[in-house]
Amino acid sequence: MTATLRKMGLCVNYKKVLRIMRQNHILSKVRRKKKKYINGAEPMVAPHRLERQFDASKPNEKWFTDVTYLLFGERTLYLSTIMDAFNREIISCFISESQTLTLAMKTLKQAMRGRKVKDVLLHSDQGSIYTAKKFQAYAKENGMITSMSRRGNCHDNAVMESFFGHLKSEAFYSQKITKVSNTTVRKIVLEYIHYYNCVRIQEKLNHLSPKEFREQVV
Numbered sequence: 001m002t003a004t005l006r007k008m009g010l011c012v013n014y015k016k017v018l019r020i021m022r023q024n025h026i027l028s029k030v031r032r033k034k035k036k037y038i039n040g041a042e043p044m045v046a047p048h049r050l051e052r053q054f055d056a057s058k059p060n061e062k063w064f065t066d067v068t069y070l071l072f073g074e075r076t077l078y079l080s081t082i083m084d085a086f087n088r089e090i091i092s093c094f095i096s097e098s099q100t101l102t103l104a105m106k107t108l109k110q111a112m113r114g115r116k117v118k119d120v121l122l123h124s125d126q127g128s129i130y131t132a133k134k135f136q137a138y139a140k141e142n143g144m145i146t147s148m149s150r151r152g153n154c155h156d157n158a159v160m161e162s163f164f165g166h167l168k169s170e171a172f173y174s175q176k177i178t179k180v181s182n183t184t185v186r187k188i189v190l191e192y193i194h195y196y197n198c199v200r201i202q203e204k205l206n207h208l209s210p211k212e213f214r215e216q217v218v
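Counted from 1, the sequence shown has number 75 at position 75 by the UniProt record's numbering; the numbering is strictly sequential.
Right under this line is the structure:
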């Protein structure tokens, strides 16, 4: 109603319009949007088992996973990654033009390849690709324990958020890259992940890269 009145040239306040409509019992009924679930199934939300304990004493004890937007190409791209808490190494990544369950499944399957995953704590947010029955079932069938951030609390997966921040800042913003081809975006991201894993030192890892730390300790 407010938008209609403003379109007619009347400068009105939303709250005033709402008050008058209530007084005259002319409020419209707003239909509730039906919740959409992947494959029609209700979401399977795991408890917040990680409890912000981001460190691990050995490889494949805790994994973090998340998806971020890449807005630097011709179209939006989505980067899905899995990080090992032990040395902050990115052990799996995929880039796609859509944020789908398939993207999450591919990332998980790649991370599992050649690794012992029984009892791995897999932490994510409550995105629909992670609460999907297929994703949860696959993780549990392979002996993994799932954990999820509390709704709307990005700090519960702060390590992944930090990695995405470094990637965008160091690979794009600092290079003043704004719009390039999607092929170039993919190339930049994959090169950065290699650099991050194999070259970029971290104070937390005794000034070693994730790969160097893993090779030295394990």
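All C-beta atoms, glycine included, are put in the ideal place defined by N, C-alpha and C.
Since this is a predicted model, take the numbers as computed values, not measurements.
Check	Outcome
Return the bridge partner residues of residue 123 from the DSSP annotation.	64, 147
With DSSP run on the structure shown, which of helix, strand or coil describes residue 172?	helix
Here's the rule I'm using: 16 or more other beta-carbon atoms within 10 Å means buried, otherwise exposed. How should residue 5 be labelled?	Residue placement at residue 5 is poorly supported in this model, since its pLDDT is 48, which falls under 50; the coordinates are not used for a value here.
Should residue 168 be counted as a contact of the ligand GDP given a C-beta to heavy atom distance under 7 Å?	The ligand GDP is absent from the structure shown, which contains no ligand whatsoever.
Ignoring anything shorter than 4 residues or poking outside the stretch 80–126, list the alpha helix (DSSP H) runs there in chain order.	101–112
Using the Cα positions of residue 83 and residue 205, report the straight-line distance between them to the nearest angstrom.	15 Å
Just how far apart, CA to CA, sit residue 130 and residue 199?	31 Å
Along the alpha helix (DSSP H) that carries residue 137, what are the first and last residues, could you check?	133–141
Measuring only the C-alpha atoms, how far is residue 8 from residue 78?	Model confidence at residue 8 stands at a pLDDT of 44, short of 50, so the residue's coordinates are unreliable; what they give is reported in the following sentence. C-alpha separation (whole angstroms): 42 Å.
Taking C-alpha atoms, which residue in 24, 197, 48 lies nearest to residue 153?	48
Could you pull out every residue in the same chain whose Cβ sits closer than 7 Å to the Cβ of residue 201, ignoring the five residues on either side in sequence?	207, 208, 209
What's the gap between the Cα of residue 86 and the Cα of residue 92?	15 Å
Between residue 54 and residue 142, what straight-line distance do the alpha-carbon atoms span, to the nearest angstrom?	22 Å
From the DSSP secondary-structure annotation, give me the bridge partner or partners of residue 78.	69, 96
Can you tell me the Cα-Cα spacing of residue 113 and residue 181, whole angstroms?	31 Å
Between the Cα of residue 144 and the Cα atoms of 109, 99, 188, which residue gives the shortest distance?	109
Under 8 Å between the Cβ atoms of residue 70 and residue 185?	yes
If you measure between the beta carbons of residue 101 and residue 135, is that distance less than 8 Å?	yes
Using only the alpha-carbon positions, how far apart do residue 168 and residue 107 sit?	20 Å
By a C-beta neighbour count over all protein chains shown, 10 Å radius and 16 as the cutoff for buried, is residue 90 buried or exposed?	buried
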